[in-house]
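Engineer:
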Amino acid sequence: MAFAALVSLAQTLSQLLKQHQFPFFLEEKPRLRSLLKHVKFLQAFLEDFPEKAHHLEGRITYAANEAEDILEYLLFEEILSLDSSGGTPSFDVSPYRSRRSEAHRFQRKFQKQYQKLPGVADDVKSIVEEVMEIKSSLGVQDLKLSEFSPPTSAPMQLSDSSAPSSSSVLVPTKTDDKKDAMVGFEDDLMAIKTRLCGDSRKLEFVPIYGMGGIGKTTLARNAYEDQLIIQHFDRRAWLTVSQDYSVQEMLFTLVDSISAFNEMFDEEKHSYERMAVHVYKSLKGRRYLVVLDDIWSTKAWDDVRRIFPDDNNGSRIMLTTRLEDVAAYADSSCPLHKMHFMNADQSWDLLREKVFKQESCPPELENIGKMIARSCKGLPLAIIVIAGLLSTVSQTQASWEDIAKKVNSAVTANGEQIGKILSLSYSHLPHHLRPCFLYIGAFPEDYKIHVTRLVKLWVAEGFMKPSVSKSFEERAEEYLEDLVKRSLVLVTRRKCNGKIKYCSVHDLVRDLCKRKAREEKFLLHATDRVGDKILLESMKDQHRLSICPSSLTVPPSLTLLSNIYSPIIRTVLCFQNCLRFPSSLKSFRLLRVLDVVKLIVMEFPAQVLELFHLRYLAFTYGYQGDLYVPASISKLQNLQTLFILPYWWNDRDSSYTIHFPAEIWRLAQLRHLVSFMLDPLPSPCARSFALKNLQTLTLVANFKCAKRIGEIFPNLKKLGLIYNRDRVYWQVYHLHNLVHLHQLEKLKICIGSSCWGRQFPLWEKLAFPTTLKKLTLSGFVLSQQDMATIGSLPNLHVLQLRRCSFRGGKWETTEGEFSRLKFLQIESANLKHWLTESSHFPNLERLVLHGCRELGEIPDVIGEIPTLELIEVPRWPKSLMDSAIRIKEEQQESGNDLLQVWFG
Numbered sequence: 001m002a003f004a005a006l007v008s009l010a011q012t013l014s015q016l017l018k019q020h021q022f023p024f025f026l027e028e029k030p031r032l033r034s035l036l037k038h039v040k041f042l043q044a045f046l047e048d049f050p051e052k053a054h055h056l057e058g059r060i061t062y063a064a065n066e067a068e069d070i071l072e073y074l075l076f077e078e079i080l081s082l083d084s085s086g087g088t089p090s091f092d093v094s095p096y097r098s099r100r101s102e103a104h105r106f107q108r109k110f111q112k113q114y115q116k117l118p119g120v121a122d123d124v125k126s127i128v129e130e131v132m133e134i135k136s137s138l139g140v141q142d143l144k145l146s147e148f149s150p151p152t153s154a155p156m157q158l159s160d161s162s163a164p165s166s167s168s169v170l171v172p173t174k175t176d177d178k179k180d181a182m183v184g185f186e187d188d189l190m191a192i193k194t195r196l197c198g199d200s201r202k203l204e205f206v207p208i209y210g211m212g213g214i215g216k217t218t219l220a221r222n223a224y225e226d227q228l229i230i231q232h233f234d235r236r237a238w239l240t241v242s243q244d245y246s247v248q249e250m251l252f253t254l255v256d257s258i259s260a261f262n263e264m265f266d267e268e269k270h271s272y273e274r275m276a277v278h279v280y281k282s283l284k285g286r287r288y289l290v291v292l293d294d295i296w297s298t299k300a301w302d303d304v305r306r307i308f309p310d311d312n313n314g315s316r317i318m319l320t321t322r323l324e325d326v327a328a329y330a331d332s333s334c335p336l337h338k339m340h341f342m343n344a345d346q347s348w349d350l351l352r353e354k355v356f357k358q359e360s361c362p363p364e365l366e367n368i369g370k371m372i373a374r375s376c377k378g379l380p381l382a383i384i385v386i387a388g389l390l391s392t393v394s395q396t397q398a399s400w401e402d403i404a405k406k407v408n409s410a411v412t413a414n415g416e417q418i419g420k421i422l423s424l425s426y427s428h429l430p431h432h433l434r435p436c437f438l439y440i441g442a443f444p445e446d447y448k449i450h451v452t453r454l455v456k457l458w459v460a461e462g463f464m465k466p467s468v469s470k471s472f473e474e475r476a477e478e479y480l481e482d483l484v485k486r487s488l489v490l491v492t493r494r495k496c497n498g499k500i501k502y503c504s505v506h507d508l509v510r511d512l513c514k515r516k517a518r519e520e521k522f523l524l525h526a527t528d529r530v531g532d533k534i535l536l537e538s539m540k541d542q543h544r545l546s547i548c549p550s551s552l553t554v555p556p557s558l559t560l561l562s563n564i565y566s567p568i569i570r571t572v573l574c575f576q577n578c579l580r581f582p583s584s585l586k587s588f589r590l591l592r593v594l595d596v597v598k599l600i601v602m603e604f605p606a607q608v609l610e611l612f613h614l615r616y617l618a619f620t621y622g623y624q625g626d627l628y629v630p631a632s633i634s635k636l637q638n639l640q641t642l643f644i645l646p647y648w649w650n651d652r653d654s655s656y657t658i659h660f661p662a663e664i665w666r667l668a669q670l671r672h673l674v675s676f677m678l679d680p681l682p683s684p685c686a687r688s689f690a691l692k693n694l695q696t697l698t699l700v701a702n703f704k705c706a707k708r709i710g711e712i713f714p715n716l717k718k719l720g721l722i723y724n725r726d727r728v729y730w731q732v733y734h735l736h737n738l739v740h741l742h743q744l745e746k747l748k749i750c751i752g753s754s755c756w757g758r759q760f761p762l763w764e765k766l767a768f769p770t771t772l773k774k775l776t777l778s779g780f781v782l783s784q785q786d787m788a789t790i791g792s793l794p795n796l797h798v799l800q801l802r803r804c805s806f807r808g809g810k811w812e813t814t815e816g817e818f819s820r821l822k823f824l825q826i827e828s829a830n831l832k833h834w835l836t837e838s839s840h841f842p843n844l845e846r847l848v849l850h851g852c853r854e855l856g857e858i859p860d861v862i863g864e865i866p867t868l869e870l871i872e873v874p875r876w877p878k879s880l881m882d883s884a885i886r887i888k889e890e891q892q893e894s895g896n897d898l899l900q901v902w903f904g
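See the structure below:
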C-alpha cells in the first residue's frame, strides 16, 4: 500500500501548502515543501522500478501514513483551537508576529505530536537516500532532488543477447503429462478445435483469456493434445511464459520442443539470433501450432513475433492470459475466447468425476456434494482443490457436511495452488491498482457494487493521482476497467454507453482481498473479530473498518464504534442495518469516509459536524417530513460527496424535501450532491461564491436556472431536476439558460407526483448544451420541433423518453438527426405513427419500447441499421411484438445473426 499512502500524503501536503490561515503550518512550510519533494520522488520510484521496491514497501507505507496522521491531527487541533478562541480560520490572516507567537503557543500545547514530525520527515529522507543508492547501482541518472520531477527513464533491462535472468521461471511443459479432464468445458473445447482446424489459410491467433484458476491452460492443453490436432499440424510447440521471462530461454525452449532439430543446443553457447534463425527455418513451409501459455505482457509477444513465418498454410498460434489487452494485442481482428464460470450442473459433474473417478457417488452424499460444488462458485480450480480434500476424508455424510460448512476456508487453507495463483495476480498489479483492488474486498460477499459509488469512495480515499487532462473520477473508471481486463473484477452490468454500471468479485478473489488487506493493515472486517475483545486491540493500527452483515447471534453495527478509540481510523463502511447513530465520533477525528447507507436517521446527524477531514458522507433519511441541514455543515471544509438517500421514495412521491442553508456555498471541495428531493439551493451569499468542483447535482425540485448558472457550477456534468407544482410555468424557471452549463453531459428532467396523469410541453426557446451525452425526459408532450432540437445535439448517445406523448401521435425524423445516438428508449401511450429511415439513426445499437400501446409496428427500416444489436419490446400489443420478430427474421435471412429481440 506504499503507493496509495504516498499519493494520499502528497495530496494532503499540497492542500496544506495552499493554506494561509493556520499559523502553525505557515511556520512549517519549508519542512512541508521538502517532504512533498521526497514523497513525489518515491512515487516515481515505485512507478518506474516496482520490482526493486518490495523490501521498502513496508517502511514507505508506515512512514507516509505516520506523516499524514500527524499532519491531519495537528490541523484538526488547530481548527478546534481557533474555533474555541473565536478565531476565523476561513478568512483573515493575522499579522506575521501574531501568527508566529500563535504557532509557538500551538507547538507547546501539542508538543508530543509536533515532536514526531521531524522524526518521520527524517525517516522519509532516509528512504529517499536508500532509493538513490539503488538507482545509482542500476546506472540511472536522476536530477538533483531540489530540481526533482518524476523520472521518465524506464528500468534497465537485459538485451536480447544477454544470458537469461536467474529469476526466470520459464519451464517447458512435456506433452506426455497426464491430461486434465474437460468436464464442463466440452463446448469450449469444440470451439477451440474448430478454430484451430478452420478453413482459413492465413496465420491466425486463438487467444484464450480469463481469471486465474478458471481453466485456460487446461483447455489449451486438451486442444493441443487432441488426436485430431496432432494429425492436423506438422509441427507443435508449447511454451509456458512467466512474468520474469527471458527471451533467450523462450527461444531455447522452442528449439527443444521442435522434434526436427537433431542438434542439441546449449543456451549459454548460442546467441539469440542463431536460435531465432533455427526456429524460423524449422517452422518455415510447415503447418505449425505454437502455444504461448500464461503470457503477461505485450512485450513478451513483441520479443518473439518475428520468428513465426506466415506461409498461408493454416498455421495457428494459441495463447492464454489473464489480461484482455494482451489477448487482443497480437491480432485485434481475431475474436477472443473468454472463459466463463461453470454452472451448478457442470460444477457437480467435475467434482464427482474428480472424487469418484469411474465409480458412482453414494446416494446419501449426492445432495451435500452438489451443495459443496455450488459453493465453489463455478471456479474449476476451486472445485478441483475441494475434490482433492474430499478424497482424503471418509465418505460419510457427517464428514462432507463438515467440509460444506467451511468450503471457502477449506479452499484457502488447503488449496495452496489457488492461493498462489490468485496471489500472483495481485503481486503483478501495478502499485496504483492495489489499493483499489483491496478496497473491493470491503463489500459484502456476492454484493452488487454500484460503480458510481465505488468511484467516489476511491476518490475520497485519495487513491487517484492528479491529472491535468482527466478528472479523479475518470481516472478511477480507467482503473476499474483495468482490473476487469485482468480478470480480477467481474462486470455485472454495463450502462448504455458501455461503461460499467455494476461490478462484483468472485468469492475466492474477495477472500484474497480480505487476507491481503488484513496482512497489510489496509482494512479490517468487523465480522472477523466481533464478539471477541481482540477487535478493540486490532483497531489500534487500522485505517479502515468494514462492517458487513453476519450470521453471528449479535451482528456488528455502528454502535460498536462507541466502544472503539482509534484516532487514526479514516474509513467506516457499514453494510449492516442500523437504527442508531453513535452518540459521538470525536475519537475518529481523522475520519474521511463514513458510508452508512444502511443507517436510517430521523434528522441530520449532528455528530458528523465534528469531523473536519470528512470527505464522503452517505446515510438514509427515514422520516416522513422535511429534512433541514444545519448551517454548521460549513465546518466540513473537505467534504467531496454527500449522499442522502430516502428510506422509501420514487418520483411519484415527493411529499418531503431536503433544505440546505446558504452555508452550502462554503463547501469549496464539494464534487457530488445526491439526494431524493432537494429544495432549490439558496442564492449564494456573495457573487464570488461558486461550487467550482461540483460535478453532480440531483435531484433538485422546481429549480430556477439563473443566467449565472455557468459561473456558479462551471464543472457540472450531471444534473437531475423535478417539477411538482400543480401548474408548471416554464418562464419562471428559465431553463433556456441550461445552455450555459458547458460541461454538462447528463440531464434528467421529470414531472413529479402532484402532476401525475398530466403532461406539459417543453419550454420555449428550447436548447440544450451541445456537450450533452445523455438526456432523460419524463412527463412531457413533445412536438416535431422539440424532437428536431434534441436530434441536433452532436454528442447525444442516450435518449430516454418516459411517460411522454407526441403531438398528433406522430414522430417523423429527418436526415442528419441523432447522428451519434446509441440507445433509444420510448415510453409513450399515444405514439401511433413513427416515420423514419435507417440512415436517420446511423449508430443506434439498442432500441427499447415500453408502453407504446398505440404503435402497431416498428418501422421495417430499423432492422437495416448496421449497428443495431438489440430490440426490446413488450409482449403487448402483439402486432408490435410480431413486427420485432419479423425484423429479426429478415435480418437473419440477409446473413445478420447479431440482432437480438427481447420481450419485456
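Using UniProt numbering, read the sequence shown as starting at 1 and increasing by one per residue. Glycine included, C-beta positions come from ideal geometry on N, C-alpha and C.
Is Pro-630 near Ala-662, with beta carbons less than 8 Å apart?
Structural biologist: Position 630 of the sequence shown, counted from the first residue, corresponds to residue 630. Position 662 of the sequence shown, counted from the first residue, corresponds to residue 662. No, these two residues do not count as a Cβ contact at 8 Å.
Engineer: To the nearest angstrom, how far is the alpha carbon of Glu-854 from that of Gln-784?
Structural biologist: Counting from one through the sequence shown, the residue named residue 854 turns up at place 854. Counting from one through the sequence shown, the residue named residue 784 turns up at place 784. In a straight line, the C-alpha of Glu-854 is about 18 Å away from that of Gln-784.
Engineer: Is the CB-CB distance between Glu-745 and Thr-771 below 8 Å?
Structural biologist: As a first step, residue 745 is located in the sequence shown; it is residue number 745 there, counting from the start. As a first step, residue 771 is located in the sequence shown; it is residue number 771 there, counting from the start. For Glu-745 and Thr-771, yes; Cβs fall inside 8 Å.
Engineer: According to DSSP, is Ala-288 helix, strand or coil?
Structural biologist: By 1-based counting over the sequence shown, the position of residue 288 is 288. In the sequence on display, residue 288 carries Tyr and not Ala. Tyr-288 falls in the strand class under three-state DSSP.
Engineer: Please return the same chain residues whose Cβ sits closer than 7 Å to the Cβ of Arg-493, not counting the five positions on each side in sequence.
Structural biologist: Sequence index remark: in the sequence shown, residue 493 carries index 493 (1-based). Once the five neighbours on either side are set aside, the close Cβ partners of Arg-493 are Lys-501 and Tyr-502.
Engineer: Considering just the uninterrupted stretch of the beta strand (DSSP E) at Lys-718, what are its terminal residues?
Structural biologist: Working through the sequence shown from its first residue, we reach residue 718 at position 718. Residues 718-723.
Engineer: Can you tell me which of Lys-718, Leu-614, Asp-882 and Leu-738 puts its alpha carbon nearest to the alpha carbon of Leu-75?
Structural biologist: Here the question's residue 75 lines up with position 75 in the sequence shown. Among Lys-718, Leu-614, Asp-882 and Leu-738, the Cα nearest to that of Leu-75 belongs to Leu-614.
Engineer: Name the two residues that bound the continuous alpha helix (DSSP H) containing Arg-802.
Structural biologist: Looking up residue 802 in the sequence shown gives position 802. From DSSP, Arg-802 is part of no alpha helix (DSSP H) but of the beta strand (DSSP E) over 798-802.
Engineer: Please report the straight-line C-alpha distance between Pro-714 and Gln-669, rounded to a whole angstrom.
Structural biologist: As a position in the sequence shown, residue 714 is number 714, starting the count at 1. As a position in the sequence shown, residue 669 is number 669, starting the count at 1. For Pro-714 and Gln-669, the distance between alpha carbons rounds to 13 Å.
Engineer: On the DSSP letters alone, give me the boundaries of the alpha helix (DSSP H) that Tyr-439 sits inside.
Structural biologist: As a working note, residue 439 is residue 439 in the sequence shown. Residues 434-440.
Engineer: Do the stretch 458-474 and the stretch 189-209 make contact, defined as three or more Cβ pairs closer than 8 Å?
Structural biologist: Taking 8 Å as the limit for Cβ pairs, the verdict is that the stretch 189-209 does not touch the stretch 458-474.
Engineer: Can you tell which of Val-732, Thr-836 and Phe-522 has the C-alpha that lies nearest to the C-alpha of Gly-791?
Structural biologist: By one-based count along the sequence shown, residue 791 stands at place 791. Answer by Cα proximity: Thr-836.
Engineer: Classify Asp-303: buried if its beta carbon has 16 or more other beta carbons within 10 angstroms, exposed otherwise.
Structural biologist: For the purposes of this step, residue 303 is taken as the residue at position 303 of the sequence shown. Answer is buried; the Cβ neighbour count reaches 16.
Engineer: Could you tell me whether the Cβ atoms of Phe-823 and Val-861 are closer together than 8 Å?
Structural biologist: One-based indexing of the sequence shown puts residue 823 at position 823. One-based indexing of the sequence shown puts residue 861 at position 861. No, Cβ-Cβ distance for Phe-823 and Val-861 is not below 8 Å.
Engineer: Using a Cβ-Cβ cut-off of 7 Å (strictly less than) and excluding sequence neighbours within five positions of Leu-675, which residues of its own chain qualify?
Structural biologist: Position 675 of the sequence shown, counted from the start, is the residue given in the question as residue 675. As written in the sequence, residue 675 is Ser, which differs from the Leu given in the question. Hits under 7 Å: Ile-644, Ile-658 and Leu-699.
Engineer: Which whole-angstrom value is the C-beta distance of Ala-460 and Thr-641, which I expect to be below 8 Å?
Structural biologist: Reading the sequence shown from its first residue, position 460 is the one you call residue 460. Reading the sequence shown from its first residue, position 641 is the one you call residue 641. That belief holds up - the Cβ atoms of Ala-460 and Thr-641 are roughly 6 Å apart, short of 8 Å.
Engineer: Buried or exposed: His-278, going by 16 or more other Cβ atoms within 10 Å of its Cβ?
Structural biologist: As a working mapping, residue 278 is identified with position 278 in the sequence shown. Buried: at least 16 other Cβ atoms inside 10 Å.
Engineer: Can you find a C-beta in chain C that's less than 8 Å from the C-beta of Gln-395?
Structural biologist: This model lacks chain C altogether, as it is built from one protein chain only.
Engineer: CA-CA distance, Leu-523 and Cys-513?
Structural biologist: Your numbering for residue 523 matches position 523 in the sequence shown. Your numbering for residue 513 matches position 513 in the sequence shown. So the two alpha carbons sit approximately 10 Å from each other.
Engineer: Is it the case that the Cβ atoms of Glu-857 and Leu-880 are separated by a distance below 8 Å?
Structural biologist: Reading the sequence shown from its first residue, position 857 is the one you call residue 857. Reading the sequence shown from its first residue, position 880 is the one you call residue 880. Closer than 8 Å, so yes.
Engineer: How far does the beta strand (DSSP E) with Tyr-616 in it extend, from its first residue to its last?
Structural biologist: Stepping through the sequence shown from its first residue, residue 616 is reached at position 616. Note, Tyr-616: beta strand (DSSP E), 616-621.
Engineer: Apart from the five residues just before and just after Cys-361, which ones in its own chain have a Cβ nearer than 7 Å to its Cβ?
Structural biologist: Within the sequence shown, numbered from 1, the residue matching residue 361 stands at position 361. For Cys-361, where only same-chain residues beyond five positions count, the Cβ hits under 7 Å are Arg-352 and Gly-369.
Engineer: Leaving out five residues on either side along the sequence, give the residues of the same chain with a beta carbon under 7 Å from the beta carbon of Ser-839.
Structural biologist: Working through the sequence shown from its first residue, we reach residue 839 at position 839. The answer, listed in chain order, is Glu-815.
Engineer: With 16 other CB atoms within 10 Å as the buried threshold, where does Lys-357 fall?
Structural biologist: Here residue 357 refers to the residue found at position 357 when the sequence shown is read from its first residue. Answer is exposed; the Cβ neighbour count stays below 16.
Engineer: Could you name the residues of the same chain whose beta carbon sits closer than 8 Å to that of Ala-67, not counting the 5 residues immediately before and after it, in chain order?
Structural biologist: Walking along the sequence shown from the start, residue 67 turns up at place 67. Hits under 8 Å: Leu-9, Leu-35, Leu-117, Val-120, Ala-121 and Val-124.
Engineer: Need the endpoints of the beta strand (DSSP E) that Pro-859 sits in, please.
Structural biologist: Here residue 859 corresponds to residue number 859 of the sequence shown, with the count starting at 1. Segment: none, Pro-859 is in no beta strand (DSSP E) and carries neither H nor E.
Engineer: For Lys-377, which of helix, strand or coil comes out of DSSP?
Structural biologist: As a first step, residue 377 must be located in the sequence shown, where it is residue number 377. Of the three classes helix, strand and coil, the one that applies to Lys-377 here is coil, per DSSP.
Engineer: With DSSP as the reference, label Cys-361 as helix, strand or coil.
Structural biologist: Numbered from its first residue, the sequence shown carries residue 361 at position 361. Coil at Cys-361, not helix or strand.
Engineer: When the Cα of Glu-889 is compared with those of Leu-847, Trp-876, Gly-863 and Val-601, which residue comes out closest?
Structural biologist: As a working note, residue 889 is residue 889 in the sequence shown. Considering only alpha carbons, the answer is Gly-863.
Engineer: Is Leu-422 helix, strand or coil by DSSP?
Structural biologist: Counting from one through the sequence shown, the residue named residue 422 turns up at place 422. Helix.
Engineer: Here's the rule I'm using: 16 or more other beta-carbon atoms within 10 Å means buried, otherwise exposed. How should Thr-321 be labelled?
Structural biologist: Here residue 321 refers to the residue found at position 321 when the sequence shown is read from its first residue. When all chains shown are included, Thr-321 counts as buried.
Engineer: As an exercise, report each continuous beta strand (DSSP E) stretch of at least 3 residues that is fully enclosed by the stretch 752-789, in chain order.
Structural biologist: Taking only runs of at least 3 residues, the beta strand (DSSP E) segments lying wholly in the stretch 752-789 are 774-778 and 780-782.
Engineer: How big is the Cα-Cα spacing for Leu-735 and Pro-769?
Structural biologist: Within the sequence shown, numbered from 1, the residue matching residue 735 stands at position 735. Within the sequence shown, numbered from 1, the residue matching residue 769 stands at position 769. Leu-735 and Pro-769: Cα-Cα distance of roughly 11 Å.
Engineer: For Gly-710, which residues from the same chain have a beta carbon less than 7 Å from its beta carbon, with the 5 sequence-adjacent residues on both sides left out?
Structural biologist: As a working note, residue 710 is residue 710 in the sequence shown. Excluding residues within five positions, the ones whose Cβ falls inside 7 Å are His-740, Leu-741 and His-742.
Engineer: Is the separation between the beta-carbon of Ala-237 and that of Leu-196 shorter than 8 Å?
Structural biologist: Residue numbering aside, residue 237 sits at position 237 when the sequence shown is read from its first letter. Residue numbering aside, residue 196 sits at position 196 when the sequence shown is read from its first letter. Result no, Cβ atoms of Ala-237 and Leu-196 do not sit closer than 8 Å.
Engineer: Return yes when the Cβ of Val-206 is within less than 8 Å of the Cβ of Ala-300, no when it is not.
Structural biologist: For the purposes of this step, residue 300 is identified with residue 300 of the sequence shown, where counting begins at 1. For the purposes of this step, residue 206 is identified with residue 206 of the sequence shown, where counting begins at 1. For Ala-300 and Val-206, no; Cβs fall outside 8 Å.
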